[in-house]
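Below is one structure; the comments refer to it alone.
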Amino acid sequence: MPVQKIRATWRNASLGLGALAVLAAAPAQAEEVLKAINLPLAAWTTVALKKGILKEEFDKIGTTEIRLLNPGTSELSGAEAAMLDRGGLAIAQRMMYPAAVHRANGLDAVIVWMSVPSDENRTPILALKNSPFENLQDLKGQALGSSRVGCGWTSPKEALDAAGVPLATRIREGAVRHETITSSATVNAALLSGRIAATATHTALPAAAALVTTGQVKVIGRSPKDGVYVNAAGRVSYFAMREFVDKYPSAVRAFLVAHERTKAWIKDNVDEAAEIVAKELRMPVNIAKFGITDPSSFEYMAGETNAGLAKESIEKFQKYYVDHGDEILKERSLSPEMINAFVDKRFFAGGEYSIYN
Numbered sequence: 046m047p048v049q050k051i052r053a054t055w056r057n058a059s060l061g062l063g064a065l066a067v068l069a070a071a072p073a074q075a076e077e078v079l080k081a082i083n084l085p086l087a088a089w090t091t092v093a094l095k096k097g098i099l100k101e102e103f104d105k106i107g108t109t110e111i112r113l114l115n116p117g118t119s120e121l122s123g124a125e126a127a128m129l130d131r132g133g134l135a136i137a138q139r140m141m142y143p144a145a146v147h148r149a150n151g152l153d154a155v156i157v158w159m160s161v162p163s164d165e166n167r168t169p170i171l172a173l174k175n176s177p178f179e180n181l182q183d184l185k186g187q188a189l190g191s192s193r194v195g196c197g198w199t200s201p202k203e204a205l206d207a208a209g210v211p212l213a214t215r216i217r218e219g220a221v222r223h224e225t226i227t228s229s230a231t232v233n234a235a236l237l238s239g240r241i242a243a244t245a246t247h248t249a250l251p252a253a254a255a256l257v258t259t260g261q262v263k264v265i266g267r268s269p270k271d272g273v274y275v276n277a278a279g280r281v282s283y284f285a286m287r288e289f290v291d292k293y294p295s296a297v298r299a300f301l302v303a304h305e306r307t308k309a310w311i312k313d314n315v316d317e318a319a320e321i322v323a324k325e326l327r328m329p330v331n332i333a334k335f336g337i338t339d340p341s342s343f344e345y346m347a348g349e350t351n352a353g354l355a356k357e358s359i360e361k362f363q364k365y366y367v368d369h370g371d372e373i374l375k376e377r378s379l380s381p382e383m384i385n386a387f388v389d390k391r392f393f394a395g396g397e398y399s400i401y402n
């Protein structure tokens with residue numbers, strides 16, 4: 046090879062290596078600034094906004110406008126997933142079972158926060174105070190009404206199966222009929238009118254709290270103390286669309302930091318927090334305080350730090366419900382690969398955006 050050609054080859058190679066060195070030394074592309082964000086209107090977020098906690102955390106990343114929007118979850122089950130999918134909400138909250146069902150139904154979302162295991166008080170089975178139903182066995186041949194995709198189904202499903210009066214599903218016969226009612230107001234009306242014998246819900250929710258605090262209902266059953274609902278399906282989650290999380294991970298982290306700070310403040314200032322919640326969510330102060338202090342409350346749980354345990358909990362409850370006649374997860378089960386991608390480890394201990402590091 047001529048000397049000139051050899052020199053040219055080395056010169057081109059050197060230029061190429063130099064360009065690679067420059068690229069390697071260049072800092073990673075800065076995350077785009079999110080100017081405004083829509084967050085779910087909830088008891089804790091109203092407190093966080095009023096006390097300036099949300100503003101303090103989002104100011105750090107340049108987000109100057111924070112809007113709280115009613116996700117509609119208490120009025121109509123599944124509404125928050127639709128808002129999330131359309132971009133109306135940045136982050137949504139649901140218990141893990143409905144979050145998994147949303148993912149199984151095609152919502153391209155990821156879990157950015159999961160609570161520790163729940164307890165048997167989270168979703169009790171309720172009947173009218175003056176009804177003849179005193180325990181779960183008394184519900185044989187009766188109807189239980191609740192949202193199909195939520196704790197009002199997952200908790201009594203396990204409890205009734207364990208009590209020997211299984212809840213019927215579309216693919217499995219049972220001793221107790223389930224009536225799907227997606228509106229909390231309609232559930233109350235159905236229970237009070239005798240259309241259904243029982244329901245299951247978080248009594249901390251305003252619609253249920255009104256029945257409990259006025260003595261109109263009684264607890265006739267609870268989730269098994271160390272069952273699959275308590276340990277897995279009844280955990281709380283925050284999830285967001287994968288595209289949003291990938292684009293604005295710092296915004297997600299700001300939200301999670303504000304969540305932790307606000308929970309701690311509410312714990313130390315229950316009365317003031319109840320006053321804020323009552324005013325902002327337009328409810329009586331006693332109902333707002335009940336929502337904070339009742340054992341069924343789910344907004345103030347501690348977080349699961351371990352992404353591996355979070356994934357195991359999803360695998361555990363999916364297997365249980367499929368084995369016990371869950372037609373939704375049987376038809377559209379999450380594969381191990383989907384579950385692995387569903388839990389975003391960047392926000393758990395050891396992750397780049399974790400609040401636990």
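Following the numbering used here, the numbering of the sequence shown begins with 46 at its first residue and continues without gaps. Glycine residues also receive a C-beta, built at the ideal position from the N, C-alpha and C atoms.
query                                                                                                                               : result
Cβ neighbour criterion (16 or more within 10 Å) applied to aspartate 368                                                            : exposed
Member of Ser342, Leu84 and Met328 whose CA lies at the smallest distance from the CA of phenylalanine 300                          : Leu84
Backbone secondary structure at threonine 338 - three-state DSSP                                                                    : helix
Secondary structure of lysine 185, DSSP reduced to three states                                                                     : coil
Burial state of aspartate 313, where buried means 16 or more other Cβ atoms lie within 10 Å                                         : exposed
Secondary structure of phenylalanine 393, DSSP reduced to three states                                                              : coil
Nonlocal neighbours in the same chain, by C-beta distance under 7 Å from glutamate 372, ignoring five residues either side          : Thr214, Arg215 and Ile216
Alanine 220 versus glutamine 187: straight-line alpha-carbon distance, rounded                                                      : 8 Å
Selection from Val161, Ile170, Val264 and Gly209 that minimises the alpha carbon distance to lysine 198                             : Looking at the sequence itself, residue 198 is tryptophan, so the reference to lysine does not match. Checked all of Val161, Ile170, Val264 and Gly209; the closest Cα to tryptophan 198 is Ile170.
In chain order, each alpha helix (DSSP H) run of at least 4 residues that lies wholly inside the stretch 97-155                     : 98-104, 124-131 and 141-149
As assigned by DSSP and simplified to three states, the class of lysine 324                                                         : helix
Continuous beta strand (DSSP E) stretch holding arginine 222: start and end                                                         : 222-225
Chain-order list of residues whose beta-carbon lies under 8 Å from that of aspartate 104 (same chain, five-residue window excluded) : none
Buried or exposed by the 16-neighbour rule on C-beta atoms within 10 Å, applied to glutamate 203                                    : buried
Proximity below 8 Å, CB of histidine 247 to CB of serine 341                                                                        : yes
Cβ separation of leucine 362 and threonine 258, assumed to be a contact under 8 Å, to the nearest whole Å                           : Note on residue identity: the sequence assigns phenylalanine, not leucine, to residue 362. With 8 Å as the limit, phenylalanine 362 and threonine 258 do not qualify as a contact, their Cβ atoms being about 31 Å apart.
For methionine 346, the first and last residue of its enclosing beta strand (DSSP E)                                                : Element bounds for methionine 346: n/a, residue is neither H nor E.
Sequence-distant residues of the same chain with beta carbon closer than 6 Å to leucine 298, five excluded per side                 : The identity of residue 298 in the sequence shown is arginine, whereas the question assumes leucine. Closer than 6 Å at the Cβ level, and outside the excluded window around arginine 298, lie Tyr398.
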